[in-house]
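Residue numbers (this note's numbering): 241 to 322.
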């Protein structure tokens, strides 16, 4: 009985800490996730354009994900020049 009560108390403390973290940094996390998603969507859309073919590999996904729209535009410029 005591073990279950202790487990419940620990879980409640963890949930409170997670909620506090999300309330403080939630908007920043949401912005980063949207930045990633828009970069990947733009990479897919750019590959549909005629004359521009950016291979979908791990490096390009990382660049367009972390760089977002600017990262994808950088990839387009590099592949058009080369």
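From the three backbone atoms N, C-alpha and C, an ideal C-beta is built for every residue, glycine too.
Check, Outcome
"Boundaries (first-last residue) of the alpha helix (DSSP H) holding residue 305", "298-321"
"Distance CB(residue 320)-CB(residue 292) smaller than 8 Å", "yes"
"Coil, strand or helix - residue 252 by DSSP", "helix"
"C-alpha gap between residue 273 and residue 266, whole angstroms", "11 Å"
"For residue 275, the three-state DSSP class (helix, strand or coil)", "helix"
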